[in-house]
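Sequential numbering from 1276 applies to the sequence shown in this note's numbering.
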Amino acid sequence: MEAPEAAASGQSERKEEEASSAQAEDGPKSKKASLKRTSTAKEKKTKKARVSRPAGPGYTVQQGEDMLFVISNVASQYDGSVWKKGRKKRKSATEKIKANQKKKKKTVPAKPKRRYKMYKLGGKDTAVSAPQQDFHPGFGQNLPEEVLISIFQMVVIQDGAVPFLCRVGQVCRAWNAAASSPVLWRKVTLGHCWIAPGKDQLPKTERKVMDTVNWLAQNRFSQLRDFSLCHWTKNVNVALEAVSQFCPQLASIKLSYCSGLKMRAFHSLGQHSRCLRSIDLQFSEFQVEGFLGYLEHFGSQIKQILFTHGLKNDRLLTAISKGYCPDLELLEVNTKLDSKGCELAVCIQALQRACPKLKTFRMLNVRPLHRSMRSGADAPLGFPLLEELCIATTSYSYMSDKDLLGVLFGSTKLRVLDLRGCSRITPAGLAALPCLELECLFWGQYFTSYMVSSLPKTGLPMVTEKWGHTLQQLDIANQLFTEEDLEVAVSFLAPGAAAATLRTLNLSGTRITPSALRSVIGQQTSLDYLNVSSCRYLPRGVKKIYRGQEEIHQLLDKLE
């Protein structure tokens, strides 16, 4: 038994010797290893000591630069969680998987449901989402309905009822109720906005258009008074029939660049629209026989008629002269500016007998025949209530002083006189007119195919002396009056109360001099438009249009 023990002891001695020799060989490396082992042992001891320590107080104190922060760690905004100081314990792989599964199963708070209201537009029920009024109410929903209607009224006056009211009616219930007010739908204009220009209207689109018009007429147009269609080439008759049937207060109809208006539409207007007073068919194609039949039976209620000159439309003026519209107050016959040879045979005396209540008579770019303007053996009747006469043309006019006096004989209430292009009218003929308080005189010469006479004229002081105290707008463009005549004429526009009356002055192409111009603009206090372009007697740099009193005062400084 002694032998094995001695052998074991010998082996242990040899191992100790080998270890000591290895330590001697390694030197500093063995020391480092021993230091590492001792440090890890100390860390383990400290960790065990920390875990075994009792829990600290329910708060933590953090020191700042000039204050102490006391942070509570007893409760938190999250349920079941306590804030602890120190590093977070790392989760194992199985714990991470379970946590991810819980996150997926965690219920998300449900979003508030949106209510859907059915708005019938275009003949079909359309679901439009409208937020609940009790969920985050906005500024518009809190406003009273009367205030919303007042706000919408401002927009409607500027931009029209369509499509503004159709769009805001889909915002919410409050806005829909306000937009549905019949007060906002008294004036409506429907343009051709369903298809692109130049493309044909598909049957489906056509049905949608008519369904929309019918729905609007039945649900929105109960107080409609002014109705307009622009650029409609189809469905004009159906639209007018729907409007006339459901709009008892309809007073005005305007068709602009429309076509296809037939007798059945006029028949529907006569049957249902007993409040209709104004019909505007300018630049539109319509069945003349249908309109004549309407005027024959219902012309006594019409007070305004506007149409475009044409070969067939001339019969309308003949029918009016026969007495179809005894209460007519406004009559306008016009044509395009580029039209040539537009002569209209009109019997002035017959028109004066048939329409004694006429207040506005306009023939724009339409020249009345010279033989039709001559009065017969009977004394002229005149228009006793006439306030505006317009016989403007871009070509040549045959109207003379005698013809003008025959039209305006007895028209003492005339306020506006437009004679642009009437080169045969003289200052003596104007001074002989019976009206004493003329406010607007447009006497400029604007020719396109005829030459203007270069001979100087005289007599303008007779015109300005008669109406200088009442004139608000004066246009004598391209009238070749002499320098002395102009200087005397403008002197009647400046003194006394007349200095605060004149607002617009057009002297383009005249022979006005700097001294005469200074005398008129130096004393005018209300002048805000001045045209002195192409005035050869004025210095360079000032021949232009001046808008506003500030620019006119700057011109006065330059002239001085």
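Quick reminder that beta carbons are idealized off the backbone N, C-alpha and C, glycines included. Please read these numbers as outputs of a predicted model, since none were measured by experiment.
For Asn-1494, the three-state DSSP class (helix, strand or coil): In this structure, Asn-1494 counts as helix in the three-state DSSP scheme.
Residues that DSSP places opposite Phe-1717 in a beta bridge: Under DSSP, Phe-1717 forms a beta bridge with Asp-1693 and Asp-1750.
Beta strand (DSSP E) runs contained entirely in the region 1519-1564, provided each spans 3 or more residues: For the region 1519-1564, the full-length beta strand (DSSP E) segments reaching 3 residues or more read 1527-1531 and 1553-1556 along the chain.
Exposure label - Met-1638; buried when at least 16 CB within 10 Å: Burial check for Met-1638: the Cβ neighbour count within 10 Å reaches 16 or more, so the residue is buried.
Contact under 8 Å by Cβ, Pro-1789 with Asp-1760: Asp-1760 is positioned such that its CB atom lies no closer than 8 Å to that of Pro-1789.
Exposure of Ala-1620, with buried meaning 16 or more beta-carbon neighbours within 10 Å: Ala-1620 is exposed by the Cβ-count criterion.
According to DSSP, residues forming a beta bridge with Met-1638: Within the DSSP bridge table, the entry for Met-1638 names Val-1608 as partners.
Reduced DSSP category for Lys-1688 - H, G, I as helix; E, B as strand; rest coil: If DSSP states are grouped into helix, strand and coil, Lys-1688 belongs with coil.
Residues of its chain near Thr-1723, where Cβ-Cβ distance is below 8 Å and the 5 sequence neighbours each way are ignored: Confidence at Thr-1723 is low in this model, with a pLDDT of 49, below 50, so its placement is unreliable and the value that follows should be read with caution. Around Thr-1723: Thr-1669 and Ser-1670.
DSSP state of Tyr-1569 mapped onto helix, strand, coil: The answer is helix: DSSP assigns Tyr-1569 an H, G or I state.
Supposed contact pair Leu-1459 and Leu-1477 - C-beta distance, whole angstroms, cut 8 Å: Rounded to whole angstroms, the Cβ separation of Leu-1477 and Leu-1459 is 31 Å, and the two are not in contact under 8 Å.
Buried or exposed (CB count within 10 angstroms, at least 16 for buried), Arg-1686: Checking the sequence, you will find Ser at residue 1686 rather than Arg. Buried is the call here.
Where Arg-1822 falls: helix, strand or coil (DSSP): Correct three-state label for Arg-1822: strand.
Cys-1665 - DSSP class collapsed to helix/strand/coil: Residue state, collapsed to three classes: strand.
Cβ-Cβ distance between Ser-1840 and Ala-1764 below 8 Å: Absent from the structure is residue 1840, since the part of the chain shown begins at 1276 and ends at 1835.
Of the residues Gln-1445, Asn-1781, Ile-1424 and His-1828, the one placed nearest Ile-1820, counting alpha carbons only: Closest in C-alpha terms to Ile-1820, from the list Gln-1445, Asn-1781, Ile-1424 and His-1828, comes Asn-1781.
Cβ-Cβ distance between Gly-1565 and Phe-1582 below 8 Å: The Cβ-Cβ distance between Gly-1565 and Phe-1582 does not fall below 8 Å.
Endpoints, beta strand (DSSP E) assigned at Leu-1805: Residues 1804-1806.
Residue from Asn-1588, Leu-1551 and Leu-1556 whose Cα sits closest to the Cα of Phe-1573: Among Asn-1588, Leu-1551 and Leu-1556, the Cα nearest to that of Phe-1573 belongs to Leu-1551.
Spatial neighbours of Val-1691 in its chain, beta-carbon cut-off 6 Å, leaving aside the 5 residues before and after: Spatial neighbours of Val-1691 in its own chain (CB-CB distance under 6 Å, excluding positions within 5 residues in sequence) are listed in chain order as Glu-1663 and Cys-1715.
The region 1625-1638 touching the region 1603-1610, judged by at least three CB pairs closer than 8 Å: Segments in contact, yes.
Backbone CA spacing between Glu-1712 and Ser-1456 [nearest angstrom]: Between the C-alpha atoms of Glu-1712 and Ser-1456 there is a straight-line separation of about 44 Å.
Simplified DSSP assignment, three categories, for Gly-1466: If DSSP states are grouped into helix, strand and coil, Gly-1466 belongs with the strands.
7 Å Cβ shell around Phe-1558 - same chain, five flanking residues per side excluded: Hits under 7 Å: Ser-1531, Tyr-1532 and Thr-1583.
Rounded straight-line distance, which links the Cα of Lys-1732 to that of Asp-1832: Just so you know, the alpha carbons of Asp-1832 and Lys-1732 end up roughly 30 Å apart.
Enclosing alpha helix (DSSP H) for Gln-1433 [first to last residue]: 1420-1434 is the span of the alpha helix (DSSP H), which, as asked, contains Gln-1433.
Rounded separation between Leu-1556 and Leu-1777 - CA only: Distance between the alpha carbons of Leu-1556 and Leu-1777 is about 35 Å.
Under the three-state DSSP convention, the category Asn-1588 falls into: Residue state, collapsed to three classes: coil.
Contact check, Ala-1703 vs Gly-1657, beta carbons under 8 Å: In this structure, the beta-carbon distance from Ala-1703 to Gly-1657 does not fall below 8 Å.
Alpha-carbon spacing of Cys-1622 relative to Ala-1594, whole angstroms: Looking at the two C-alpha atoms, the distance is approximately 12 Å.
Which of helix, strand or coil DSSP assigns to Ile-1700: Three-state DSSP puts Ile-1700 in coil, outside helix and strand.
Of the residues Asn-1494, Gly-1444, Glu-1560 and Asp-1750, the one placed nearest Tyr-1804, counting alpha carbons only: Ranking Asn-1494, Gly-1444, Glu-1560 and Asp-1750 by CA distance to the CA of Tyr-1804 puts Asp-1750 first.
Separation of Trp-1718 from Glu-1740, as counted between CA atoms: About 16 Å.
Alpha-carbon to alpha-carbon, Val-1738 and Ala-1707: When the Cα atoms are used, Ala-1707 and Val-1738 turn out to be separated by approximately 10 Å.
Limits of the alpha helix (DSSP H) - the one that Leu-1780 falls within: No alpha helix (DSSP H) contains Leu-1780, which is instead part of the beta strand (DSSP E) from 1779-1781.
Residue burial classification, Asp-1434 (beta-carbon count within 10 angstroms, cutoff 16): With fewer than 16 Cβ atoms within 10 Å of its Cβ, Asp-1434 is classed as exposed.
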